[in-house]
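In terms of our numbering, the sequence shown is residues 341 to 687.
For every residue, glycine included, the Cβ atom is placed at its ideal position computed from N, Cα and C.
Here's the structure we're looking at; comments come further down.
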Amino acid sequence: MYIKKILLIIALLGLLAGGIFAYYVYQAVFSPNTRFETKTATVHIPTGATYTELIEAMSPLVKDIYSFDRIARRKGYVDNIKAGRYILQKDLNNNDIINVLRSKNTPIQLSFNNQERLENLAGRIAMQIEADSISLLETFKEEAFLENNSFSLETALAMYIPNKYEFFWNTSAKQFRDRMVKEHGRFWNEKRVSKAKEIGLTKNEVTTLASIVQKETAKVDERPRVAGVYMNRYTNGWKLDADPTIIYALKLHKNDWNTVIKRVLYKDLELDSPYNTYKYKELPPGPIAMPDISSIDAVLNYEKHEYYFFVADMENVGYHKFAKTIAQHNRNKKQYVDWINKQGIKR
């Protein structure tokens, strides 16, 4: 009788211990274990991250890092860490958190536009994906790649079509660049290539001219007309006489890309640079900035007219006054010069 009581007590203690253990396991696996108050939190796991680095990244996001560690080890996650951007929902349990980290790398909407140089583009992209600006710039300038894809250092910016793209955060510099080559090919479809041939320009020349149009006017509806002026000059053997190319040439000459030039002076027109369209009839060697798609299409579909000149219209800010003759243009120009003189703009 005494032995039976002892066995019963042992059995009850075993059941109690089993229940406590089961409860602990349940708590560790299925109880909510997030500590952030927002609906979601994002964790970035770098390429090649160690398990220690993962734990450091997760520590601010979970209440009990020790229970997370135990479940991660039990589920074999320690040896299967995947780089990426992961979005955690509030009140997820350890089991769900690890499932997210295993298989739900969430892409980002990457965007870029209006970049003046490859250096600016590299900086802009590095703010959005894992690759740093140095590796991006080195990849952008790789000579063999540029040559194989019919680009040069001067025209390389034309390869990057400004838009919004879906990428994984852990995209490498090479993966980004190679994707952009494909996007460039998709953009230059049969219709656009045909239009470029019709107007006598290569794809890179279209982009170069579009970059000038982009700098001349921020008004999308005016861009085809501005493009028409430049096409009239170009096809008739005139120099483009485009102020934005002078500004670019000055920045390049001084290697000062932060300077702000609001007024081009006569002495600036003497600068000997292939980007000086007051000095040379040819198009610049490459784009002077990254043109929007609207500017590229404005060149491909430029307005057919007889205008050869234009100047800022101070009565309709943002737009320009167009002229067919130099006499008419000089009258329009005088109004503009009088206005900037009154504003005290000397440079």
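Spanning the alpha carbons of Ala-582 and Ile-385 requires a straight line of approximately 47 Å. Between Tyr-648 and Asn-544, the CB-CB gap reaches or exceeds 8 Å. Along the region 561-619, the alpha helix (DSSP H) occurs as fully enclosed runs of 4 or more residues at 563-575, 583-594, listed in sequence order. When the five nearest sequence neighbours on each side are left out, the beta carbons in the same chain lying within less than 8 Å of the beta carbon of Pro-564 are those of Ala-638, Asn-641, Tyr-642, Glu-643, in order along the chain. As computed with DSSP, Phe-649 is found in a beta bridge with Ala-663.
As a beta-bridge residue in DSSP terms, Asn-433 pairs with Pro-372. By the criterion of at least three beta-carbon pairs nearer than 8 Å, the region 414-429 is not in contact with the region 547-562. Shown here, Gln-449 sits in a strand according to DSSP, grouped into three states. Per the DSSP secondary-structure output, Val-533 pairs with nothing in a beta bridge.
The criterion of a C-beta distance shorter than 8 Å is satisfied by Pro-624 and Thr-548. C-alpha of Val-383 to C-alpha of Glu-393: approximately 12 Å in a straight line. For Ile-411, the closest alpha carbon among the candidates Gly-540, Lys-444, Ser-371 is that of Ser-371.
Of all alpha-carbon atoms in Ile-469, Ser-399, Ile-587, Ile-448, the one lying nearest the alpha-carbon of Thr-511 is that of Ile-469. Following the DSSP letters along the chain, one finds Thr-392 inside the alpha helix (DSSP H) bounded by residues 391-398.
For Glu-506, the secondary structure class from DSSP, reduced to helix, strand or coil, is strand. Under the three-state reduction of DSSP, Gly-626 is assigned to coil, being neither helix nor strand. Short of 6 Å from the beta carbon of Ile-427, and not among the five residues preceding or following it, lie these beta carbons of its own chain, in chain order: Thr-380, Thr-382, Thr-446. Taking the Cβ atoms as the reference, Ser-475 lies roughly 4 Å from Ala-513, within the contact range of under 8 Å.
Bounds of the alpha helix (DSSP H) holding Thr-547 are 543-556.
8 Å or more divides the Cβ of Ile-437 from the Cβ of Lys-415. Note that the C-beta distance between Ala-498 and Phe-480 is not below 8 Å.
The alpha-carbon of Lys-664 is positioned some 22 Å away from that of Tyr-620.
Looking at the DSSP output, Val-402 sits in a beta bridge with Thr-374.
Distance from the CA atom of Val-553 to the CA atom of Ser-635, rounded to whole angstroms, is 6 Å.
The shortest C-alpha to C-alpha distance from Arg-603 to any of Asn-503, Val-677, Lys-594 is the one to Val-677. Contact check between the region 668-675 and the region 650-659: three or more CB pairs, one atom from each, fall below 8 Å, which counts as touching.
Going by DSSP, Ile-474 is part of the alpha helix (DSSP H) stretching over 473-480.
For Ile-501, the three-state secondary structure derived from DSSP is coil. Counted as a single uninterrupted DSSP element, the stretch harbouring Ala-496 is not any alpha helix (DSSP H), since DSSP gives it neither H nor E. For the set Lys-591, Leu-609, Glu-610, the Cα lying nearest the Cα of Ile-601 is the one of Lys-591.
Val-546 has its alpha-carbon roughly 12 Å from the corresponding atom of Ser-534. Per DSSP, the continuous beta strand (DSSP E) segment holding Ala-381 begins and ends at 380-385.
Apart from the 5 residues on each side of it in sequence, Gly-568 sits with its Cβ closer than 8 Å to the Cβ of Tyr-642, Glu-643, Lys-644, His-645, Tyr-647 in its chain, given in chain order.
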